[in-house]
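Position one of the sequence shown corresponds to residue 161 (my numbering), numbered consecutively onward.
Using N, Cα and C, we set each Cβ at its ideal position, and we do this for glycine too.
Fair warning: this is a prediction, and the values are worked out from it, not measured in the lab.
The block underneath contains the structure these notes are about, expressed in structure tokens.
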Amino acid sequence: MNNNIAIIGLGYVGLPLAVAFSKKNFNVIGFDINESRIKELKNNKDHTLEVSSKELEASKTLQFTCFVEDLKQANIYIVTVPTPITKHKSPDLTPIIRASETIAKVLKKGDTVIYESTVYPGCTEEVCAPILAENSGLKFNKDFFCGYSPERINPGDKKRTITNIIKVTSGSTKEIATKVDNLYKSIIKAGTHKTSSIKVAEAAKVIENTQRDLNIAFINELAIIFDKLEIDTTEVLAAAGTKWNFLPFTPGLVGGHCIGVDPYYLTHKAESVGYHPQVILAGRRINSNMGMFVANKLVKLLANNGNEIKGANVLILGITFKENCPDIRNTGVIKVIDELKEFGMQVDVYDSFADKIEVKKEYNIDLIQEISKDYKAVILAVKHDNFNSLDWKSIVTKNTVVFDLKGFLPENIVTARL
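The following block contains the structure:
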């Protein structure tokens, strides 16, 4: 039987995956509930910048839809919807539950549903499969099957694209695990890694980003300590980095849809089985508070420079969660902005990558379109490549406090680094 693939969710993960399968001549149905997103893609445009217009035009076996009926053509469903957290830092499974309910409406005997969304170990078989069974009337592992293959998309990265990253795979039976693995092998140049169970694959996903979160938290804590000791963290890391096994992490704001979110999926599951994680949550607290540390550090720099704090004009360069990417989800920059406003400062934000409508809707911030004011302070929060072309002579005077969070700016204009 030919594989007709439906991708559920066409964001940073789903769209590149759909295009990758289309390039191998699979019949692919790209489904999203956002009608404007479907319209955009049908016009060969992708505002996430993950897929070029040329690639979309060339994807002849890929169709886009927001109609559930169109999904009936598929026999493999791949779920790539976001899995955020609630304001109480617990998993919000609403998108993945809704996606499962949608698929159940068209699920047929022999179909396979593969999840790529980040979840806690056990979620696919304990939450998603029962929803599929209940709403379709089919029996799990008899009439339909499940797989799990965690996404490893790195937004904005043009080198480590989807086909160049090893793919972890799994299935609800040995036969399905092999089927899922072979499916991904057909598009992933870097190869695959088949695990013994779905739970193992789910666990691998959450610890990948939890490990990174903890490593950054350690460096952030060092930055706080060295700030009090009046030692340059960058110099310390450069010196320590001469040892062969010292890991090259740097301090900074932690945001995005993975690192600042995934650890809570693991801690939620751990607490449900009676274990209260300590190291993981300690790292989360450190990284969550870095925005406050940055804002307070800037206040001290301004005060030491003889500036009034209240009413001071401050320019923030960058609001996306990482460089050269329009993604503003869970950006750590917003905590810096909020804290500075608490001090009574006037904060302008400039970011040509971010969508001004999306920023306004999500954070109620109006991005400035050009830098024309005199600022008492400038914070380089995101190292977009196009910031290299800014006219620093017109932005920075000898009295401007310049706080570089990324080690990106010329040293002769920088007052302090993180």
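| task | Report the partner residues of L540 according to the DSSP bridge assignment. | result | L477, D564
| message | My assumption, with CB atoms under 8 Å, is that K359 sits in contact with P281. Please give the rounded CB distance. | response | 5 Å
| query | Roughly how many whole angstroms lie between the Cα atoms of A256 and V287? | reply | A small correction: the amino acid at residue 256 is Ile; Ala does not occupy that position in the sequence shown. Taking the straight line from one Cα to the other gives about 9 Å.
| query | Looking only at its own chain, which residues have a Cβ that is under 8 Å from the Cβ of A400, when we skip the five neighbours before and after it? | reply | F406
| said: Relative to the C-alpha of T333, which candidate in K501, F300, D317, T323 has its C-alpha closest? | reply: F300
| field | Closest Cα partner of D564 within the set H428, T394, G471 | value | T394
| task | Following the continuous beta strand (DSSP E) through V273, name the residue where it begins and the one where it ends. | result | 272-275
| Reduced DSSP secondary structure (H/G/I, E/B, other) of R489 | coil
| field | Alpha-carbon to alpha-carbon, N380 and G471 | value | 29 Å
| query | Quick one: what does DSSP say I531 is sitting in, helix, strand or coil? | reply | Assigned with DSSP and collapsed to three states, I531 falls in coil, not helix or strand.
| task | In the DSSP assignment, find the beta strand (DSSP E) that holds Y344 and state where it starts and stops. | result | No beta strand (DSSP E) contains Y344, which is instead part of the alpha helix (DSSP H) from 334-345.
| field | Contact set for E276: own chain, Cβ-Cβ below 7 Å, skip 5 residues either direction | value | V173, I238, V239, T240, S309, P310, E311
| query | Given 8 Å as the limit, is there contact between the stretch 176-191 and the stretch 337-350, that is, 3 or more CB pairs closer than that? | reply | yes
| query | Between the stretch 492-507 and the stretch 408-420, do three or more beta carbon pairs fall short of 8 Å? | reply | yes
| field | Continuous alpha helix (DSSP H) assignments of at least 4 residues falling wholly in the stretch 193-224 | value | 195-202, 213-218
| request: Give the secondary structure of P187 by DSSP, where H, G and I count as helix, E and B as strand, and everything else as coil. | output: Per the sequence presented here, residue 187 reads as Asn, with Pro not at that position. If DSSP states are grouped into helix, strand and coil, N187 belongs with the strands.
| Candidates L458, I367, Y435: which alpha carbon is nearest L578's? | L458
| task | Please report the Cβ distance between G171 and P242, rounded to the nearest whole angstrom; I am assuming they are in contact, meaning their Cβ atoms lie under 8 Å. | result | 7 Å
| request: Check whether the Cβ of F409 sits closer than 6 Å to any heavy atom of the ligand MN, and report yes or no. | output: This structure lacks the ligand MN; in fact it carries no ligand of any kind.
| The alpha helix (DSSP H) enclosing F305, as first and last residue numbers | Per DSSP, F305 belongs to no alpha helix (DSSP H); it is in the beta strand (DSSP E), 305-308.
| request: Taking only runs that begin and end inside the stretch 382-426, name each unbroken alpha helix (DSSP H) of 4 or more residues, in chain order. | output: 393-400
| message | Measuring only the C-alpha atoms, how far is G351 from I326? | response | 5 Å
| query | For G297, which of helix, strand or coil comes out of DSSP? | reply | coil
| query | Which one of K214, L441, F386 has the shortest CA to CA distance from P421? | reply | Strictly speaking, residue 421 in this sequence is Val, with Pro absent from that position. Ranking K214, L441, F386 by Cα distance to V421 puts L441 first.
| task | From the DSSP output, in three-state form, read off R577 for me. | result | strand
| field | Sequence-distant residues of the same chain with beta carbon closer than 8 Å to Q233, five excluded per side | value | N164, A166, N187, I189
| query | For the beta strand (DSSP E) that contains A350, what are its first and last residues? | reply | It is not in any beta strand (DSSP E) - A350 carries neither H nor E in the DSSP assignment.
| How would you call K499, buried or exposed, if buried means at least 16 neighbouring beta carbons within 10 angstroms? | It should be noted that the sequence gives Glu, not Lys, for residue 499. It is buried - the Cβ of E499 has at least 16 other Cβ atoms within 10 Å.
| Three-pair Cβ contact test at 8 Å for the stretch 537-552 versus the stretch 476-489 | yes
| query | How many angstroms separate the CA atom of L177 from the CA atom of L201? | reply | 14 Å
| query | How many angstroms separate the CA atom of N375 from the CA atom of F409? | reply | 7 Å
| For V459, the three-state DSSP class (helix, strand or coil) | helix
| request: Please list, in chain order, all residues of the same chain as F453 whose beta carbon is under 7 Å from its beta carbon, the five residues on each side excluded. | output: I384
| query | What is the residue span of the alpha helix (DSSP H) that A264 lies within? | reply | 254-264
| task | Could you tell me how far apart the beta carbons of A514 and P486 are, in whole angstroms, since I believe they sit closer than 8 Å? | result | With a beta-carbon spacing of about 6 Å, A514 and P486 fall inside the 8 Å limit used to define contacts.
| Residue from V273, P290, R372 with nearest C-alpha to F305 | V273
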